[in-house]
Amino acid sequence: MLSNQRGGEEVYRAGYFRGLRPEPELWVDEWADRYMRIPQSSGAAEPGPYRTDRTPYAREPMRCLSPAHPCKRVVTMVASQLMKTQIALNWIGGCIHMAPANILLLEPTQKLAQSVAGRVDQAVEAVPELRERVVVPRSRKGTNTWENKQFEGGRLFIATAGSSSNLAEKSVRYVYGDEVDRWEMDIDNEGDPVKLAEARASTFGRNAKFYFSSSPTIKGASRIADLFKMSDQRHYYVPCPHCGHMQVLEWTNLKWDENYRLVQYLCSGPECGAMIDEHAKATMLSKGEWRAHAQGDGETVGFHLNALYAPLGWTSWSSLAKDFDDALIMQKQGDQATMQVFYNTKLALPWDNAMEQTKAEVLQARARAENYVLGTVPIGALMLTAAVDVQGNRLEFIVIGWGMGMERWVIDHQVIMGDPCDSRTWEVLDDKLKVRYRHASGVGLGILATAVDSGGHHTHEVYQFCRIRRWRNVFAVKGDSHSSKNIIAQRPSRVDVNWRGNIEKNGAELWMIGTDTAKDWIYNRYPLESGPGALHFAKDLPDDFFAQCVAERKVARYVKGKRRVEWTKSKAERNEALDLMVYALAMAEYLGLHRYHENDWEKVRQSLMQHHLFEDKTLPADDTQPEAPVESLARTVETFQTAHPQAVVTHRVTPPKPVAATPPRRVSRSGYLITGQPLTEDRDGFTPMVALEPGTMQELGPGEEVEFSKPPDAGNNYPDFMRQQLMAAAAGTGTPYEILTGDMREVNDRALRVVLNEFRRRLEQLQFGVYVHQLCRPVRAAWLDMAVLAGRLTLVDYAQRRREYLRTRWVPQGWAYIQPVQDIQARMMEVNAGFNSRSEMVLRQGYDAETVDEENAADQKRARELGLNYKTLVELPTEPADKETP
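Next comes the structure, spelled out in structure tokens:
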């Protein structure tokens with residue numbers, strides 16, 4: 001067959017006898033210890049021969065993955081960077097070598113899939129037993145690409161778990177699912193991707209083997225936690241070095257001091273209580289053993305391991321303690337995400353949202369301790385947003401005050417009884433939106449933006465109400481419960497169409513609200529009692545208001561057989577207050593308040609203080625707020641309905657503080673820009689000057705008028721202004737103004753030389769400080785290492801003389817002459833004076849000195865042969881044959 005190729009007989013004979021040689025019968029952990037190599041190019045912290053003794057806890061999972069083991073499914077719910085991926089590589093390598101068959105490897109994203117494919121390629125290249133079985137990559141034929149690798153006896157398919165097509169039409173024996181908690185809940189409406197993946201191996205029966213690994217996510221929505229519950233739930237027991245008591249390392253037993261210098265583990269032995277130092281962990285791990293905590297389904301073995309088991313030199317106990325304290329600080333500030341990441345990736349535990357949820361009683365107790373009532377604005381609240389929830393027989397209305405760091409106050413809460421189909425109900429709401437609330441400084445604050453819920457049965461009425469009030473920032477909104485949505489969309493959708501079906505440009509607008517994201521934001525900040533993100537409640541809010549604030553829970557539920565994570569409430573619970581807070585938060589995001597820094601809030605506060613100088617002093621001199629009488633809702637509704645059964649019923653839990661009437665002014669004193677920024681006023685007597693940006697919409701009160709300033713010299717200094725702007729831009733980027741703009745009008749030759757030399761010096765710093773040291777040198781070193789290790793390049797004593805082989809002179813492209821004659825003469829003088837060599841001058845031009853010399857010599861030789869005499873060719877005098885002849 002190969003007789004026409006040199007060495008064909010030997011190749012045929014070697015392949016024939018290798019086929020007769022029986023494959024080794026080893027467990028996967030034994031195969032890994034004998035054959036697996038971790039290449040240095042993989043970036044691993046410990047390259048070289050794989051040693052299971054380094055991570056003893058990985059031995060049993062690999063043994064269960066062996067084809068000879070009777071289990072069908074292996075599940076590892078472990079912390080990050082412990083053993084998941086390397087176990088998979090060992091298993092895949094062992095299967096290719098000892099029991100080849102089709103393998104399916106699934107990752108949550110294509111980026112991760114390509115990364116793992118690269119690690120597979122590196123392992124194949126480092127292990128000769130795999131290299132001789134895997135087909136050499138041939139891009140034209142597609143027999144070995146990153147997603148399809150052919151080997152003797154099967155193929156390795158690498159794909160993402162986000163498409164049903166990747167999980168169909170492939171018959172495989174082995175399936176590895178990595179980071180399954182990051183997979184989609186449902187794939188193309190065809191069901192759970194884990195079930196779809198296992199269905200690919202249905203024809204292999206009991207010979208199929210599945211391996212699923214991941215760190216968990218949310219309790220009730222964690223796929224790896226559900227798989228672990230199906231298993232026998234094995235935990236790794238290690239002995240105490242003092243008493244020998246076998247125990248599971250639990251986070252609650254780790255103790256540390258405030259400087260993290262002394263971090264020890266408290267033995268859980270009943271009669272021990274000794275403190276274990278971390279250096280004893282190596283011995284403890286080597287003597288550890290896995291013990292099952294449940295019977296399981298008889299087919300699945302599961303392993304749980306947290307980061308406390310990380311070998312010495314990996315994640316230390318002190319770093320874990322510091323990470324936990326950092327997460328605890330963030331949690332106290334309202335950020336639960338950092339603590340969730342710690343639970344998921346370090347402790348390998350699902351995050352329990354219900355465990356961290358604030359109770360209604362806690363919020364109510366905090367409200368009773370506040371010193372303000374509804375209708376008044378505390379000193380810390382600087383801007384107001386409102387939200388309206390539309391119910392079948394009423395409108396619910398809330399006003400939220402916002403302060404530094406998105407700290408919040410419930411300023412007002414009203415219930416407007418009446419049919420939303422009745423225009424009089426909306427007229428009452430319109431009057432409420434125009435109310436100005438008295439700030440503690442004495443200034444009357446208006447509502448900057450209002451969200452009206454349009455998701456009920458009165459969408460048409462909501463659109464009609466908001467359509468003509470859009471200039472007052474009154475918007476129709478609708479909730480979107482999909483996860484990862486922004487709190488408010490980047491732009492609205494237009495919902496009005498004409499008789500032709502075309503969208504009306506000036507019609508009603510609908511803003512989509514990411515309700516799940518907003519509720520996560522709100523619930524994470526409920527525990528905060530003060531400071532950025534905290535929520536304050538007026539002391540006279542009704543009791544059911546607090547229950548409505550925490551009426552929902554984040555749970556995982558199955559809808560038509562598909563699992564979804566969502567916020568839910570029971571049918572008996574009301575959640576209007578929570579919905580109102582979501583919409584009010586969306587309006588704050590619309591105004592950009594979440595991007596305000598401390599200095600921005602300080603400008604707002606100063607603006608209020610300036611207004612205070614011209615306001616009537618209606619509040620007491622001290623900081624206390626006068627309490628307003630609380631009116632009974634039931635009595636108000638009953639009385640009003642008896643006298644006017646067909647009229648609109650409105651109720652205000654607490655009447656607002658009256659705002660004193662003010663004399664006519666030339667501009668509004670408490671107006672705000674459409675962006676939510678306060679107006680900055682320069683007062684001259686009693687006539688303020690207001691700077692209005694393009695596109696500003698300013699509301700004028702009765703009797704107010706505006707005069708626009710028209711300076712006579714406006715625009716004359718525009719060229720100088722633009723020159724200053726471009727010079728500032730050039731300075732910020734480190735680029736000379738002349739090079740950035742090409743403006744050479746005010747530059748002479750000497751100044752240009754100074755500018756270019758300085759600019760070139762900055763570029764040379766980048767060339768040699770960044771590109772050479774951080775790119776060129778590492779790439780060349782890695783290339784030499786791979787070439788030598790692969791046997792493609794032979795260098796004598798490379799390991800001992802590696803630094804000599806890596807010594808390189810990196811030559812960038814040479815700079816062009818500024819003044820050619822002067823520059824060349826200057827370089828010749830440097831060489832003649834001995835300040836520099838001729839070779840160095842050639843290198844500065846970006847050329848090789850030896851190559852230039854060879855070309856000059858060749859030119860001179862050719863000129864002599866052809867009898868040419870060019871002035872550019874200066875031939876060195878030849879040495880006479882007779883040295884004594886003058």
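Just so we're aligned, residue 1 is where the sequence shown starts under the UniProt record's numbering, counting upward by one.
Every residue gets a Cβ at the ideal spot worked out from N, C-alpha and C, and that includes glycine.
With H, G and I counted as helix, E and B as strand and the rest as coil, what does DSSP make of residue i?
i, result
"F759", "helix"
"L65", "helix"
"W815", "coil"
"F303", "strand"
"E107", "strand"
"Q81", "coil"
"A826", "helix"
"T515", "helix"
"R155", "strand"
"G313", "coil"
"F475", "strand"
"H97", "helix"
"T696", "coil"
"Y463", "helix"
"R368", "helix"
"V124", "helix"
"M744", "coil"
"N599", "helix"
"I487", "coil"
"V445", "First, the residue type needs correcting, since residue 445 is Leu and not Val in the sequence shown. L445: strand per DSSP, three-state reduction."
"H594", "helix"
Considering only residues of the same chain and omitting the five flanking positions on each side of residue i, which have a CB-CB separation below 6 Å?
i, result
"H279", "none"
"V495", "A508, L510"
"P663", "Per-residue confidence for P663 stands at a pLDDT of 38, beneath the threshold of 50, marking its modelled position as unreliable; no derived number is given."
"S80", "S215, T345"
"A386", "V399, I447, T450"
"Y463", "A476, A508"
Determine which residues share a DSSP beta bridge with residue i and list them.
i, result
"residue 888", "The structure shown does not extend to residue 888, since the chain is modelled only from 1 to 886, so the question has no answer here."
"K209", "Y174"
"P193", "BP columns for P193 are empty, so no partner."
"M383", "W402"
"E509", "R494"
"R553", "T568"
"K255", "Q264"
"S214", "M77"
"R150", "For the sequence presented, residue 150 should be read as Gln rather than Arg. The partner list for Q150 (beta bridge, DSSP) reads R155."
"I276", "Y265"
"G48", "I38"
Just to check my reading of the structure: residue i and residue j have Cβ atoms closer than 8 Å, yes? What is that Cβ distance to the nearest angstrom?
i, j, result
"A381", "G401", "3 Å"
"V172", "S214", "The pair is not a contact, with the Cβ atoms about 20 Å apart (cut-off 8 Å)."
"D453", "V399", "No, D453 and V399 are not in contact; Cβ-Cβ is about 15 Å, not under 8 Å."
"W31", "H97", "7 Å"
"K434", "Q414", "So it is not a contact: roughly 13 Å between Cβ atoms."
"D232", "G296", "4 Å"
"L262", "G273", "With 8 Å as the limit, L262 and G273 do not qualify as a contact, their Cβ atoms being about 17 Å apart."
"K519", "E552", "7 Å"
"Y35", "I103", "In fact, because the Cβ distance is near 17 Å, the residues do not count as touching under 8 Å."
"I411", "L384", "6 Å"
Apart from the five residues on each side of it in sequence, which residues of its chain come closer than 7 Å, Cβ to Cβ, to residue i?
i, result
"I488", "W511, I513, A586, E589, Y590"
"H439", "V377, L445, L608"
"A159", "L106, A113, E147, N166"
"P241", "I276, A280, T283, M284"
"G455", "K478, G479"
Is residue i near the ligand COA, with its Cβ less than 8 Å from a heavy atom?
i, result
"S423", "Because no ligand of any kind appears in the structure shown, any question about the ligand COA cannot be addressed here."
Under 8 Å Cβ to Cβ from residue i, same chain only, skipping five residues before and after it: list those, please.
i, result
"T300", "C71, K72, R73, V74, V75, L227, M230, S231, D232"
Is there a Cβ from chain B that is less than 9 Å from the Cβ of residue i?
i, result
"P39", "Protein chain content of the structure displayed is limited to a single chain, and chain B is not contained in it."
Check whether the region 400 to 416 touches the region 520 to 537, counting contact only when three or more Cβ pairs, one atom from each stretch, lie closer than 8 Å. yes
So, does the region 226 to 241 touch the region 272 to 291, judging by three or more C-beta pairs under 8 Å? yes
So, do the region 734 to 748 and the region 784 to 793 have three or more beta carbon pairs nearer to each other than 8 Å? no
How do the region 118 to 137 and the region 192 to 199 stand: do at least 3 beta-carbon pairs fall below 8 Å, yes or no? no
Are the region 83 to 102 and the region 219 to 227 touching by the rule of at least three beta carbon pairs closer than 8 Å? no
Within 8 Å, do at least three Cβ pairs link the region 758 to 768 to the region 816 to 826? no
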